[in-house]
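Below: the structure, in structure tokens.
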Amino acid sequence: MLEFELNVNGERHSVRAEPRKLLSDVLREDCRLTGTHVGCEHGVCGACTVLIDGQPARACLLYAVQMQDHEITTIEAIAAGGRPGALQQALHEAHGLQCGFCTAGIVMTFEAYLKENPHPSEEEVRDVLSGNLCRCTGYQNIVAAILKAAHAKA
Amino acid sequence: MPKPRFRHIGAALPRKEDLRLLTGHGRYVDDIEIPGALHACFVRSPHPHARIAGIDTKAALSMPGVFAVFTGKDLAQWTTPLRMAPPIEGLHPVEMTTLPVDKVRFHGDPVACVIATSRYLAEDAAEQVEADYEALPAVADFDQALAPGAPLVDESVPSNLVSRQAFTTGEVAARKREAHRVVECTFSQQRMTHLPVETRGCAAVWDEGRRHLTLHIGSQVPHPLRTQVAARMRLSESQVTISSLDVGGGFGQKIALYREELTVAAASRQLKRPVRWREDRMENLLAASHAREDRCRTRAAVTKEGRLLGLELQIEEDFGAYCFYPANYLARVVAMILTGPYKVRDYAFEVKVALTNKCGNGPMRAPMAITSWVMEGTMDAIARELALDPLEVRRLNMVEPGELPYAMPTGEVIADITPRETLEAAVKAIDYAGFRARQAAARREGRYLGLGLCSVVESTTYGSRFYKAAGIPGSGHEAAWLRIEPSGAVNASVGLGPTGQGYETAFAQVVAEGLGVEPASVRVHMGNTDVAPYGMGSRGARGGTAGSATLFLCARDANEKVLAIAAKMLGFDSPEGLRMVDGRVEREVLGERIETGIALAQIARTAYLDPTALPAGMAPGLDFSKTYDPPPMTYSNAAHACEVELDPETGALRILRYFVAEDCGTVLNPFVVEGQQHGAIAMGLSGALLEHMRYDEHAQNITGSLADYLVATATDLPRFEILAMHTPSRGNPVGTKGMAEGGVMGSIGAIANAVNDALAPFGVIADRQPLSPDYLRSLLRSK
Amino acid sequence: MKPASFAYHRPRSLGEALALLAEHGAEAKPLAGGQSLGPMMNMRLAQPARLIDLNAIKGLDFLNETENAVEIGALTRHQTIASSSLVRAACPLLAEAAQSIGHYAIRARGTLGGSLAHADPAAQLPLVAATLGAEIAVAGPRGERRIAAQDFFVSLMTTVLEPDELIVSVGFPKAAPREAHAFVQFSRRRGDFAMAAVAVSVLLDVQKRIQRLRLGIGGVEDKPVVPTRLIEQSEGKVPEPAALAAAAREAVSPAENPRVPAVYRRELVEVLTRRALQKCLNSN
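Quick note, the sequences are listed as chains A, B and C, same order.
26 is the number that our numbering gives to position 26 of the first sequence; each next residue is one higher, with no gaps.
Plus 154 on top of the position in the second sequence (first one is 1) and you've got our numbering.
Plus 937 on top of the position in the third sequence (first one is 1) and you've got our numbering.
This is the structure we're talking about:
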């Protein structure tokens, strides 16, 4: 067992965990932030995507102990003050989620991507979205929502 | 356009569910905090078929954090076996224990359960459980299963042919003799799995003092699940609560009571501690539930004009090792509804289902998924062999509006469907007439385009009378309650298990419509068996039909009482002329509507807190319940049209355009319906192009990760163009017909027909899925 | 799917990391981006007793231009390589290949050194390194050495790297002005490992003859294939994509695989080689 501190959504969390404990599990169990979902634990489905220093990463492929001195951002930080962010609002308005299990990973992926490329084409959006599996929506409304959010910010 | 019948039903309301799910505040099973919960991990068989000589748990029990290791022998003391023995001719009864005791039957079969303080420690200990196996020969597919001398998957069944049914009506043999041609085709659909992004899982909390089990679990069918859990733990149904809050997708995988879940529940009672289990993705692929893997053969007797005279169908399904459902049930539905919108009197089918040493099958979004591909592929084959236009062959054989209701040869009656209208709309949208010229021009440039059509008649909702006729025990009813609280707040509930369909929103609209309030003021509670009434849960497409009808009728009852009270409060003898709109009572006077000044909150307060002011003889309160049994079967319909481009050098496919014209009756919420259409088409295309649960010839599963089990991503799917052609059903109080599985059926057929159209110049036919590039290359290479 | 226990080290310098590797030998495993090692550990296919996390080491994340090469630090993330204007200008084949790796979040985390050391035969960066004749700088207790990429890869997930050595940087030769390139791969879905991949870089002389051809084929054998004879024979000749592609097909020996038959891989090699060469010629 190691004791270390994590900076999650701007708050310090003291964690006591084995080095092998995955960041996804530490966020969910130790930090009690269950919005980050675990869908495959081998880096394919994208459900657990969080931001590390603003860059997207699969939380299931990181050990929490690695994340000392880094800023972690999870879905819980996106709706500041309970008001959904632009992408969340667009997903709501475009019916871009059904069961909602994959949604946090998609929001986090595009929170990063839209900063890097604020005016993506549909093809670019689909290309980036291909790293997140959704079994419910067929992706169409997610793509529409992302484009809508990008336009709204423009 | 006729004037809309409804005020709230049919409105495009964004979903009530969204905010919590978008902000990370959903409550899926694994998000529920349970202090002191222990974690379960299952030890699984590496063998497809082996005798269990012994299981040594000593080393595992000495590992840090380990509380217990349970095996099949333990569970056999604490739980009863599952017996699957419906009185269906040709179906052998089978039975399974909670965990295997004597032998394992597939690669991934759970043989022991480790309970420890964390999943990490449980996995460490699971590696130390020493199971001693004596390997047995295994059967890896349908043909191996039925080969002479094949090892028996289940020794209690005389052969691996666990189910066989045959049916004939009319004189198919005579029709074949008279026919200009008998067109024969084959179709082979691969093994798949549902792959909800949230895997299975549960958390069992045993309250020793109250002798009560609370099982947190993502379930499509909370009440039927409670019945199963209680019976198999020898508890009464008042000792078990199923709680299913948010569910990360089901698609048919979250219906059965699985052995792992029952084990976890029993372990919690035994240890008097909460126990939780979250299935990991490897387990989910290996051992949750599989689906499909069926082969069909049709023989169509036709005239030279392409008119269908008689039809034969053979289905063979590889069902896997365990029966969580009657083995005939999935394939049988295909045979029952195969002919869909097409007219034929003489029909015969044979359905064979075999047990094999693989994970057991279950219904997956469109259990009858292969149906439309088989029928529409047969239509294309008729056109191909007779050199006719495939659209003309369809038009020639399709039932006319004036011929409805029409009895299929199996006796299934289709009514209130519009297959001709949807077909014509789809071919117009995709410019079928202009396509052949474009196709020819493209071929001259070395590009291979193909267009595929697929009409769907979707069996959405099973009524109790259907089950009775099929000999399957069970009910098709649904149940609802509605309570207007003293403040005027409206609570409602229905016995369905939402897994993403937007029920909280669409059903609020239904209740609002029936009661006369705004949808925003209605809260629909589902998933907890202490709260919801005993309904049959979510499967097929029964939510929008059985669910909405039950809630609507319940809300109408409530509306009646509310208006009766309002009349008394206003001093009228009868509520005639009164109605409630958005929670305010209006009165019609000489064709004008006048506000009465009475609102629902006042009526509710009177009903609860001032009962003496109620009409004479009226009981206090505003508390209503309703059950409803839908017609034996409800059908909706659609037509799919798809254009693809084939790269013959690599075998790669690109979907260029996709249209669906669909008639699902009254639409509760167009957002939700379109979302279901997208999702269903996507699931069908994903299966048709990519997904394949593979076993090797020794029945070893070789699809252990999402790098092996491929599902469609955003770059694999086209934009879906939807033509809404909804006409209300007369068989349902709201007019809904149900939908959400037909998209799977239609897309499987449309893409296959489009690919074969593109392959036509090469003289080869793709008759199995997935339509992978290496498979298509293998066909092209053979020429 | 939880990893087995391991001890964790987070060295702050290369020297510290090498000392830890020297001390713990084969029981220690370096951790870079973890995008390949992570899944293997979660599935318990890999159970190293110790992880030496390289991510806190300063100075291993850089992009430098030298006269003939672009020198890239081993900890540089794929996304950085793909979006670097230096790499795009000086080594466009590498930028294009890096852009095609996995998915956005994977590229943001995965590293150049990790990809080369992991040596997946279907991966993009080993293929580009072998095709271009990159030089891999390696540090160990016996000092630094530079290894030609063609000599670096031994077989499936095996390299000449000793257990106590680390990749420090990789030098990719710069493309000449007018040099055309193409990176073409075929996979079931976007981001999946390639069933076949072809990297090509062609420089034509004024007579439109091949002055220099660089060609590599990935995903087909147990390491990237650089068909040296074919390349040598083509030099000085007018490029004929169809003939070169047919020769490339004969130059590979794919193993039979239940998912991807060898005959299909050969076909892909021919088609992709032809298309890649054609793309180069079209861009000239």
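Beta carbons are placed, not taken as given, at the ideal position from N, Cα and C, and that holds for glycine.
Because the structure is a prediction, the values reported are computed rather than measured.
Beta strand (DSSP E) segment containing residue i, residue limits
i: B:Arg453; result: His444 to Val456
i: C:Gln1122; result: Ala1117 to Phe1123
i: B:Leu705; result: Where B:Leu705 is concerned, there is no enclosing beta strand (DSSP E), although the alpha helix (DSSP H) it sits in stretches over Ser702 to Leu724.
i: A:Lys21; result: That residue, A:Lys21, is in no beta strand (DSSP E); it is neither H nor E in DSSP.
Exposed unless 16 or more other CB atoms sit within 10 angstroms - verdict on residue i
i: A:Pro118; result: exposed
i: B:Glu612; result: buried
i: B:Gln298; result: buried
i: B:Lys780; result: buried
i: B:Asp684; result: exposed
i: B:Thr368; result: buried
i: C:Gln1250; result: Residue 1250 of chain C is absent from the structure shown; chain C starts at 938 and stops at 1221.
i: B:Ile719; result: buried
i: B:Glu938; result: A question about residue 938 of chain B goes unanswered here, because the residues of chain B that appear run from 155 up to 937.
i: C:Glu1072; result: buried
i: C:Leu1099; result: Sequence check: residue 1099 of chain C is Glu here, not Leu. It is exposed - the Cβ of C:Glu1099 has fewer than 16 other Cβ atoms within 10 Å.
i: B:Gly701; result: buried
i: B:Met155; result: Its pLDDT being 36, under 50, B:Met155 is placed unreliably by the model, and nothing is read from it.
i: B:Arg446; result: buried
i: C:Gln984; result: exposed
i: B:Lys157; result: With a pLDDT of only 45 at B:Lys157, under 50, the local geometry of the prediction cannot be trusted, and the value read off the model is given with reservation. Result: exposed.
i: B:Leu768; result: buried
i: C:Arg1212; result: buried
i: A:Leu61; result: buried
i: C:Pro1195; result: exposed
i: B:Pro218; result: exposed
i: B:Val821; result: buried
i: B:His348; result: buried
i: C:Ser1138; result: buried
For residue i, the first and last residue of its enclosing alpha helix (DSSP H)
i: B:Asn551; result: Pro544 to Asn551
i: B:Tyr929; result: Pro927 to Arg935
i: B:Gly226; result: Gly226 to Trp232
i: A:Gln55; result: A:Gln55 -> not in any alpha helix (DSSP H); beta strand (DSSP E) instead, spanning Gln55 to Arg58.
i: C:Leu1214; result: Ala1199 to Ser1220
i: A:Phe4; result: Looking at the DSSP string, A:Phe4 is not in any alpha helix (DSSP H); the run it does join, the beta strand (DSSP E), is Leu2 to Val8.
i: A:Thr103; result: Thr103 to Glu116
i: C:Gly1010; result: Careful: C:Gly1010 lies outside any alpha helix (DSSP H), inside the beta strand (DSSP E) at Ala1006 to Gly1010.
Residues sharing a beta bridge with residue i, DSSP
i: B:Leu367; result: B:Trp360 and B:Val394
i: A:Asn141; result: According to DSSP, A:Asn141 bridges with nothing at all.
i: C:Ala1136; result: C:Phe1120 and C:Gly1153
i: B:Lys468; result: In the sequence as displayed, the identity of residue 468 of chain B is Gln instead of Lys. DSSP, once it has assigned bridges, lists B:Arg451 and B:Glu504 as partnering B:Gln468.
i: C:Ser987; result: Rather than Ser, the amino acid found at residue 987 of chain C in this sequence is Arg. In the DSSP output, where bridge partners are listed per residue, C:Arg987 has C:Ala944 and C:Ala965.
Any C-beta of chain D under 8 Å from that of residue i
i: C:Ala1180; result: Any reference to chain D falls outside this structure, whose protein chains are A, B and C.
Q: Below 7 Å between beta carbons is the criterion; list the residues of the segment 546 to 576 of chain B that meet it against any residue of chain A, in chain order.
A: none
Q) Can you list, in chain order, the stretches of the alpha helix (DSSP H) that have 4 or more residues and sit fully within the segment 174 to 220 of chain B? A) 212 to 215
Q) Taking the runs of the beta strand (DSSP E) that are 3 residues or longer, which of them lie wholly in the segment 480 to 533 of chain B? A) 500 to 508
Q: For the segment 338 to 363 of chain B, enumerate the residues whose C-beta is nearer than 7 Å to any C-beta of chain A, in chain order.
A: Hits within the stretch, in order: Leu349, Pro350, Val351 and Glu352.
Q | alpha helix (DSSP H) runs contained entirely in the segment 236 to 274 of chain B, provided each spans 4 or more residues | A | none
Q: Could you pull out every unbroken beta strand (DSSP E) segment of at least 3 residues lying fully inside the segment 819 to 899 of chain B, listed in chain order?
A: 874 to 878
(Q) Can you pull out the residues from the segment 1126 to 1138 of chain C whose beta carbon lies closer than 9 Å to at least one beta carbon of chain B? (A) Arg1126, Arg1127, Gly1128, Asp1129, Phe1130 and Met1132
Q. The segment 97 to 129 of chain A: which residues have C-beta closer than 8 Å to a C-beta of chain B, in chain order?
A. Of all residues in the segment 97 to 129 of chain A, Leu97, Gln98, Cys99, Gly100, Phe101, Cys102, Thr103, Ala104, Val107, Val125, Arg126, Asp127 and Leu129 have a Cβ within less than 8 Å of some Cβ in chain B.
Q: Compile a chain-ordered list of the residues in the segment 961 to 991 of chain C whose CB is closer than 7 Å to at least one CB of chain A.
A: Answer set for the segment 961 to 991 of chain C: Gly971, Gln972, Gly975, Pro976, Asn979, Met980 and Asp990.
Q: Below 9 Å between beta carbons is the criterion; list the residues of the segment 997 to 1027 of chain C that meet it against any residue of chain B, in chain order.
A: Within the segment 997 to 1027 of chain C, contact with chain B at the beta-carbon level (separation under 9 Å) is assigned to no residue.
Q: Give, in chain order, every unbroken run of the alpha helix (DSSP H) that is at least 4 residues long and sits entirely within the segment 632 to 693 of chain B.
A: 657 to 669
Q.
Which complete beta strand (DSSP E) runs does the segment 1015 to 1081 of chain C hold, if anything under 3 residues is left out?
A. 1072 to 1077
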